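Undergrad: The sequence shown runs 1296 to 1481 under our numbering.
C-beta: ideal position from N, C-alpha, C; glycine also.
These numbers were taken from a predicted model, which means no experiment stands behind them.
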Amino acid sequence: MSYLRTFLPWIVFAVVPSGSWQWGALAALVVSLAVIAQQVRAGTGLDALIIELGSAAFFAVLSVVAFADPHSGLHDYSAAVSSATLAAVAGLSLAVRRPFTLGIAKRSTPPEVWGLKPFIRVNVVITAVWTAAFAVTAALLAAEAHAGHGHSTTALLIQIAGFVVPMVFTVRYAAHARARAQQLAH
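1. Buried or exposed, going by whether 16 or more other CB atoms sit within 10 Å of the CB of D1342?
2. Under the three-state reduction of DSSP, which class applies to D1364: helix, strand or coil?
3. Along the chain, which unbroken stretches of the beta strand (DSSP E) at least 3 residues long are found entirely within the segment 1351-1404?
4. Just curious, the alpha helix (DSSP H) that A1440 is in, first and last residue?
5. Kindly indicate which three-state DSSP category T1449 falls into: helix, strand or coil?
6. Check the C-beta distance from L1348 over to V1326 and give it rounded, since I have them as a contact under 8 Å.
7. On the CB-based measure, 16 or more other CB atoms within 10 Å of its CB, does H1403 come out buried or exposed?
8. Report buried or exposed for A1390, applying the criterion of at least 16 other Cβ atoms within 10 angstroms of its Cβ.
9. Could you give the first and the last residue of the continuous alpha helix (DSSP H) run that contains W1318?
10. For T1295 and L1479, I'd like the C-alpha separation in whole angstroms.
11. With DSSP run on the structure shown, which of helix, strand or coil describes P1312?
12. On the premise that Y1372 lies in contact with A1440, defined as a C-beta separation below 8 Å, what is that separation, rounded to the nearest angstrom?
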């Protein structure tokens, strides 16, 4: 549920028809702000909202651009730029040694494991996979846009795969890491 909530603005933006991209960007901004507000009210620290904060900033800028010039050349590449932004935010979180998945993982793990090297390493690996998935998705979407198919069914399927593949990896890898930790504890 945490990952769905984290990426809900991007999902909203992806499913809004491309002819209404400015409204999709605005809707994604509103969803981003609502998610942040809800999470802050629930006591979630800003370190657990790295993607959400990056999303809000991105959709604020995109909304301004989209409403100022609905026929902007950015429109055709908006999906690619979206994925590239996610790759940049996720990559930056790795560069500053605060993998974005760490804050999400802390929501469902006891505080006594948060500082353990295996816990941090698992989140570095998971964040690296998300970063790579976003970067590959951005490249594939840019190629689709360059070919004139930036808003095609293929582009939508690429976007979906760009979220589903790392999500499946996250679930499986986290389960594997938990099983291994339990095995080592016994």
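TA: According to the data block:
1. exposed
2. coil
3. List check, beta strand (DSSP E) in window: nothing returned.
4. K1412 to H1441
5. helix
6. Going by Cβ atoms, the distance from L1348 to V1326 rounds to 14 Å, so no, they are not a contact pair.
7. Just to set this straight, residue 1403 is Ser in the shown sequence, not His. It counts as exposed.
8. exposed
9. First-last of the alpha helix (DSSP H) with W1318: W1316 to R1336.
10. With the chain covering only 1296 through 1481, there is no way to say anything about residue 1295.
11. coil
12. 5 Å
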